[in-house]
Each structure stands twice: as structure tokens, then as C-alpha cells.
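Following this note's numbering, the numbering of the sequence shown begins with 1019 at its first residue and continues without gaps. Glycine residues also receive a C-beta, built at the ideal position from the N, C-alpha and C atoms.
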Amino acid sequence: MTIAIIGAGVAGLSAAASLKAAGREVILFDKGRGAGGRLSTRRAASPLGELRFDHGAQFLTARDQGFRNLVSDLEQRGHVAKWTPTRVALSKTGGSWSAEALHADDDWYVGAPSMNSLVKAMAEGHEVRWGERAVALSMREDGRYVQLDPSGWQGPFDAVILAIPAEQAKELLANTSADLAGEAAASATAPCWAAMLAFDAPLKTEWDVAEIAGSPLGLAVRNSSKPGRGDEETFVLHATPEWTRANVDMAKEDVAAELSRLFCEMTGADAPMLTAAHRWLYAKTQTPAASPFGWDEDRRIGIIGDWRIAPRIEAAWQSGHAMASVLTD
Ligand SMILES: Cc1cc2nc3c(=O)[nH]c(=O)nc-3n(C[C@H](O)[C@H](O)[C@H](O)COP(=O)(O)OP(=O)(O)OC[C@H]3O[C@@H](n4cnc5c(N)ncnc54)[C@H](O)[C@@H]3O)c2cc1C
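In C-alpha cells:
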């Protein structure tokens, strides 16, 4: 019998790959219109043509050998590329900004030509039904069923794996698995407002990535410094969790204007020609679960995602890979 995976982000696709390699039949359902999850790419029309922004995850590292193998394969096939940005820590002293150089311990990789290329490549060869939101689960005599919006009840499935953020998993599990719902409820994910800026001329700013202290801006990234992003000068800004929480219901346009204003004040840049904002309600887990996956043996429901380990792409992959071992042993 087929295994259903809800969520075709890195965690869900990692589980799918391991299960398929062990001969299991898998189908994935994702509410998104296309591959990405938190590695989504935003396209925006500008006077200079279409621009692409990585407005969620910015880069990935690969320390686990299994994940390194995947990244290396994707790099050889051109879906992932190394990125060596100039990094600084910015802080404000006596009213002016000072920069301290930072150096990476690991190689940094990005999807090529956009972050979602990594998820697109991972989805190749799997049956993924996009545009399907799971709204309920049901345990019946002949197996497990998933209610999808818009296509209705689907099943029976041998097992169901939820590969979605903890807060969304908690809602789906409320009436089916109290233990797993409890695990999901114990994990909290911080929100993040992201702003996307495009300039009509290169900025004088000498860095590509700035980790910022003492500002509502937590991170600023020169999107256009990543390989294959085009020649236009583009930046992505991530607000801190504290500022995002305090302004979580602010209108998108106001967020874009405020984060852009702070950025221009910090860098001395002229106003951008394009600004946009995106709210990630569930961006980065702040209290990870105690184990790489959760499993309810009686109901044959699993839960996975970065939130089981750490807010990183590699952790999402590890969670999915670990989950698959239960169903392939
Ligand atoms: C602003 C931001 C910055 C980040 N920066 C970095 C970084 O620089 N480096 C790094 O390693 N990580 C970073 N991360 C974290 C990284 O993006 C995540 O760790 C990783 O993407 C998690 O993968 P996942 O598969 O667990 O979840 P997701 O990527 O969230 O995938 C879950 C999928 O489930 C789908 N879904 C959700 N609910 C339902 C439902 N009810 N029915 C059907 N489908 C559903 C979603 O559409 C989505 O595709 C960042 C995240 C954000 C938001």
C-alpha cells in the first residue's frame, strides 16, 4: 500500500527518496503551486525585466555525509552551486555603523539558478500533487485517509507522514494522535518578515551578507551576488523575530517601506526602484523537538521537518531520512 507524505519540502522529499530507494510506493501532496516550501523563489516584474529573489532560506551547508552526497550530485547536475559571499557583522557604535569581517567554517551552497531549484531537483521522479492542502486525517479499517482541498478524501494509505511546520502539524493531528499533537505543540517557530529590494545601479556596499545587531533588520543579503541571479542589484532583508512578532499584522507595503528605509539609512543607498515584502509565519524553529522524527505506531502516522532538529535545510533532510528507516526496516 502507498505511503502518503503531506508537504513536499526538503523533509518530505528526503523521506520520499529513501522510501522509494527501498522499494516503497510514495505519493506527496503539497498546498503550494510549485516546488519550494521555505526555499521558494519570488519573481517580480521591474522596469529592468523580471527579477528573482530568494526570499526564504538563503544558503545551505552540508555536514552529514548522506546530505553531502546529495548536494554533490545536485552540484554536478547544476542545480546547486557554491557561493562565497563577503560576510560581515554590522553593529552601531556612537551613531555610526561598523563592520567586522566574518569567515565561514563550511562551504556555503545555494540552489542554481534560484533556491527552489534544489527542491525542484529533489522532486524529480516523484509523484507530487501540487495545489492540494491537507485539511483532515481519518483512520479507517482499511487504512489511513487524508482529506485534501480541493480533491477531497484520498486513501487508503499504509502510513501518512506529515512533513510540515509544527504549528500546522498540530492542527491536523488534534483529533487523530494526541501524542504527536503534543510533540508538535511543544515546538515553537519564529515568524520572519522578508523584504526584497532592487536598485537601478550597484550599491557601494562592500559586503554581500551582513548579520546585523541593534536593528529591526537581522540579516541583509545581496541576492545578486549569488551565482546565476543576473546583473541587477538586488537585496533580501530579514527582520528579527522580535520585530516581526511586534509587527506581524502590519500591511506588506508598510513593512517593505520600513525595512527598505532602515536598509538605506544603514548603507547610505538611494531609495530602491522596487520593494516588496513577504511574511513567513513559520520561519525558523526556536524550540526543536527531542528526536529527528515522531512516530505513532498504532496509527502509522509520522511527523518530520526541520523543527525536529534545527532550523536548517540539512536538518530537514536528516529528519526525513531518519523517518524512512522506520518504514523500510
Ligand atoms: C526567512 C527564512 C530564512 C531561512 N534561512 C535559512 C538559511 O539560510 N539556511 C538554512 O539552512 N535554512 C534556512 N531556513 C530554514 C529552511 O528554510 C528550513 O529549515 C527548511 O526549508 C525546512 O524544510 P521542511 O521540508 O521541513 O519545511 P518546508 O520547507 O516549510 O516545507 C513544508 C511544505 O509543506 C507544505 N504544506 C504545509 N502545510 C500543508 C498542508 N496542510 N497540506 C499540504 N502541504 C502543506 C508547504 O507548502 C511546504 O512546501 C530559513 C527559513 C526562512 C523562512
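- Short note on Glu1201: C-beta not closer than 7 Å to any heavy atom of ligand 1.
- Val1089 and Lys1222 have their C-alpha atoms roughly 33 Å apart.
- Boundaries for Arg1247: no beta strand (DSSP E) harbours it, and the DSSP string shows neither H nor E there.
- Taking a cut-off of 8 Å for Cβ pairs, the segment 1322 to 1335 and the segment 1223 to 1243 do not touch, as fewer than three such pairs fall below it.
- Beta-bridge partners assigned by DSSP to Cys1282: none are found.
- Rounded to whole angstroms, the separation of the alpha carbons of Ala1130 and Gly1096 is 7 Å.
- Boundaries of the alpha helix (DSSP H) harbouring Gly1200: 1196 to 1203, taken from the DSSP string.
- For Phe1175, no alpha helix (DSSP H) encloses it; the enclosing beta strand (DSSP E) starts and ends at 1170 to 1175.
- Each residue's CA atom was taken as its position, placing Gly1246 and Glu1283 some 28 Å apart.
- Rounded to the nearest whole angstrom, the CA to CA distance from Leu1180 to Ala1289 is 43 Å.
- Placement of the Cβ of Ala1301 at a distance of less than 7 Å from at least one heavy atom of ligand 1 is found.
- By the C-beta criterion, the segment 1116 to 1126 is judged not to be in contact with the segment 1037 to 1046, since fewer than 3 inter-stretch pairs fall below 8 Å.
- When Ala1035, Gly1067, Gly1050, Gly1112 are compared, the shortest CA-CA separation from Trp1148 is found for Gly1050.
- The C-beta separation of Ala1141 from Leu1031 comes to about 6 Å, placing the pair in contact by the 8 Å criterion.
- The residues Val1098, Leu1136, Ala1139, in chain order, have a CB closer than 7 Å to that of Leu1092 in the same chain once the five nearest residues on each side in sequence are set aside.
- Short of 6 Å from the beta carbon of Ser1064, and not among the five residues preceding or following it, lie these beta carbons of its own chain, in chain order: Ala1216, Leu1292.
- Fully enclosed alpha helix (DSSP H) runs of no fewer than 4 residues occupy 1083 to 1094 of the segment 1039 to 1096, in order along the chain.
- The straight-line gap separating the alpha-carbon atoms of Asp1176 and Gln1083 is approximately 30 Å.
- Arg1162 is bridged by DSSP to Met1157, Phe1175.
- Straight across, the Cα-Cα distance linking Leu1057 with Ala1294 is about 17 Å.
- Counting every other CB atom within 10 Å of its CB across the protein chains shown gives Gln1186 a total of 16 or more, marking it as buried.
- Rounded to the nearest angstrom, the Cβ distance from Leu1037 to Ala1342 is 5 Å, consistent with a contact under 8 Å.
- Across the set Gly1143, Asn1134, Lys1110, Pro1103, the C-alpha of Pro1103 shows the shortest separation from the C-alpha of Asp1125.
- Pairing Val1266 with Pro1209 gives a Cβ-Cβ distance under 8 Å.
- CA-CA distance, Ser1114 to Asp1048, rounds to 46 Å.
- Closest in C-alpha terms to Leu1069, from the list Ala1301, Asp1218, Glu1145, Ala1199, comes Asp1218.
- Burial is judged here by how many other beta carbons sit within 10 angstroms of a residue's own beta carbon; Gln1076 has at least 16 and is buried.
- With a cutoff of 7 Å, His1339 does not count as near ligand 1, since its C-beta is closer than that to no heavy atom of the ligand.
- Counting along the chain, Met1341 sits inside no beta strand (DSSP E); it lies in the alpha helix (DSSP H) bounded by residues 1331 to 1346.
- Taking a contact as a CB-CB distance under 8 Å, the pair Ala1228 and Val1106 counts as one, their CB atoms being some 5 Å apart.
- For Thr1252, the uninterrupted beta strand (DSSP E) run begins and ends at 1251 to 1257, by DSSP.
- Shortest gap from the CB of Asp1123 to any heavy atom of ligand 1: 7 Å or more.
- In this structure, the C-beta of Cys1282 stays at least 7 Å away from each heavy atom of ligand 1.
- For Glu1185, the enclosing alpha helix (DSSP H) covers residues 1184 to 1191.
- The beta-bridge partner set that DSSP reports for Ser1116 consists of Ser1109.
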